[in-house]
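Notes follow once the structure below has been shown.
Numbering (our numbering), first residue to last: 1 to 482.
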């Protein structure tokens with residue numbers, strides 16, 4: 001069976017250990033026809049967002065702290081600042097500003113606590129904006145990861161055993177997600193036997209955060225590169241080899257949980273049919289003047305995160321909608337939420353306004369991170385908008401003396417709202433409901449429980465050219481599928 005364990009480390013700078021096992025790896029490697037051993041080093045890297053960490057802190061005479069912050073999660077920032085300052089969370093208000101990029105580097109509170117302390121000591125508002133040098137020296141970059149893999153396969157390409165070791169450099173404080181690295185190494189492809197050990201190592205470097213998913217890009221790069229090497233060694237088509245061994249829906253992951261459909265097979269199938277892949281041999285043969293040509297393939301993915309979240313939809317007397325969330329708008333999140341609310345309620349998108357509230361007024365919302373924002377918050381907005389639509393039709397039925405009759409709001413700003421049947425009132429139905437003494441007013445949608453994660457896989461292929469001795473290449477136009 002699958003074993004997962006975490007033991008206290010003996011070395012003073014190893015802060016976490018984890019292990020995932022299945023089957024007899026030593027026996028599998030001994031019985032393999034081809035054994036490949038590789039070490040992959042992925043250096044520490046800053047996320048590269050344009051806007052640095054920035055915060056403005058102000059205390060009022062009642063002891064209330066207000067923070068204007070560039071953050072990927074205002075409620076998470078409030079909780080972490082409250083822990084550091086030993087304050088109740090209702091004494092702290094976080095106002096999220098438009099975030100100039102985050103990519104996982106602005107999930108946690110960094111300069112907010114010290115700025116709050118300085119503001120309290122001086123009795124004046126304090127603003128702290130990190131310089132680019134400070135970002136590189138004291139930000140929260142993605143970790144350096146060293147991955148050692150030893151894989152055994154049969155000559156016909158049958159996977160036999162995987163032995164892996166992951167060392168994550170966490171900086172000055174613990175924060176690595178060891179479980180993710182082990183699960184991805186041993187779960188993307190069907191290894192009958194595996195033994196993956198993970199270690200978090202503390203150093204004098206800056207503490208780490210995520211970068212487009214915590215540790216997932218590192219581990220997927222390693223195992224996908226290993227699969228590429230195996231395919232080349234045994235002479236099998238890299239796409240066909242990956243497809244042959246890819247974990248599918250219902251297969252057990254390394255932690256024992258079943259895989260949900262993540263689109264991996266569909267992505268590889270699309271790549272296999274693309275002209276770039278089909279013509280890769282012709283491209284390689286077309287090399288001239290001592291320059292080499294080849295076609296690269298990379299497969300990536302992420303399980304997708306989950307967090308409880310909420311949203312509120314308010315119907316105004318003129319029939320327009322206000323949607324209130326605590327979600328920080330990154331990469332057009334609010335546009336997606338407006339589209340969901342407009343479609344669910346039955347209005348054009350210009351009649352929907354999305355507001356990102358502060359932690360005093362907005363409903364509890366999770367991080368804008370984990371590839372889950374629209375999936376989770378969008379579900380809450382959908383539920384709230386559908387509830388508001390239902391109440392609108394109930395109130396309109398009373399106002400229009402049409403109780404018991406199926407209603408449908410129709411018009412330039414009302415198509416699709418309701419059940420079968422048509423009432424010509426259009427926007428007037430919404431106005432009647434919005435002006436009705438009994439509501440519908442505010443409706444809140446909650447998305448606290450999900451049956452499945454919004455997992456995804458993506459693949460990229462690109463023809464490349466390089467000189468035989470330069471060690472550097474130039475990428476040609478790229479094709480991606482997800």
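Positions of the beta carbon are idealized from the N, C-alpha and C atoms, including for glycine.
- Taking all protein chains shown into account, residue 65 has 16 or more neighbouring C-beta atoms within 10 Å of its C-beta and is therefore buried.
- CA-CA distance, residue 377 to residue 174, rounds to 29 Å.
- When DSSP states are grouped into helix, strand and coil, residue 172 belongs to the coil group.
- Beta-bridge partners assigned by DSSP to residue 353: 322.
- In the three-state DSSP reduction, residue 374 falls in the helix class (H, G or I).
- For residue 198, the CB contacts under 6 Å within the same chain, skipping 5 residues up- and downstream, are 18, 166, 178, 181 and 182 in chain order.
- Your pair residue 239 and residue 297 checks out as a contact, with CB atoms roughly 7 Å apart and the cut at 8 Å.
- Around the Cβ of residue 327, a 10 Å sphere holds 16 or more other Cβ atoms; the residue is buried.
- At least 7 Å separates the beta-carbon of residue 105 from that of residue 144.
- Only residues of its own chain outside the window of five on either side were considered, and among them 53, 55, 128 and 130 have a CB closer than 7 Å to the CB of residue 111, listed in chain order.
- Within the model, the alpha-carbon separation for residue 366 versus residue 353 is close to 20 Å.
- In this model, residue 212 and residue 371 are separated by some 9 Å (Cα to Cα).
- DSSP places residue 163 in the strand class (E or B) of the three-state scheme.
- Annotation: the continuous alpha helix (DSSP H) that includes residue 229 extends over 216 to 234.
- Counting along the chain, the unbroken alpha helix (DSSP H) around residue 276 starts and ends at 275 to 278.
- Here the alpha carbon of residue 100 sits roughly 42 Å from the alpha carbon of residue 244.
- With a beta-carbon spacing of about 6 Å, residue 351 and residue 321 fall inside the 8 Å limit used to define contacts.
- Assignment of residue 248 by DSSP, reduced to helix, strand and coil, places it in the coil class.
- Between residue 162 and residue 184, the beta carbon gap of about 12 Å keeps them out of contact (Cβ cut-off 8 Å).
- In the three-state scheme derived from DSSP, where H, G and I count as helix and E and B as strand, residue 39 is classed as strand.
- Per DSSP, residue 312 is one residue of the beta strand (DSSP E) stretching across 309 to 315.
- In the structure shown, residue 143 adopts coil according to DSSP, grouped into three states.
- DSSP places residue 190 in the coil class of the three-state scheme, outside both helix and strand.
- Inclusion of residue 254 and residue 187 in the CB contact set at 7 Å is warranted, their separation being smaller than that value.
- Annotated three-state conformation of residue 195 is strand, per DSSP.
- A contact is defined here as three or more CB-CB pairs under 8 Å, and the segment 206 to 222 meets this definition with respect to the segment 299 to 306.
- Taking 7 Å as the cut-off, the beta carbon of residue 170 is found closer than this to the beta carbon of residue 202.
- Cβ-Cβ distances below 6 Å link residue 138 to 206 in the same chain, with the five nearest sequence neighbours on each side left out; the list follows chain order.
- Its Cα nearest to that of residue 16, the residue 168 stands out among 383, 168, 63 and 403.
- For residue 339, the enclosing alpha helix (DSSP H) has its first and last residue at 333 to 345.
- In the three-state scheme derived from DSSP, where H, G and I count as helix and E and B as strand, residue 14 is classed as strand.
- Taking all protein chains in view, the Cβ of residue 361 is surrounded by fewer than 16 other Cβ atoms within 10 Å, so the residue is classified as exposed.
- In this structure, residue 349 lies near residue 338, with their beta-carbon atoms less than 7 Å apart.
- DSSP, reduced to helix, strand and coil, places residue 150 within a strand of the structure shown.
- The alpha-carbon of residue 57 is positioned some 5 Å away from that of residue 126.
- Put simply, of 279, 50, 286 and 249 the residue whose alpha carbon is nearest the alpha carbon of residue 136 is 50.
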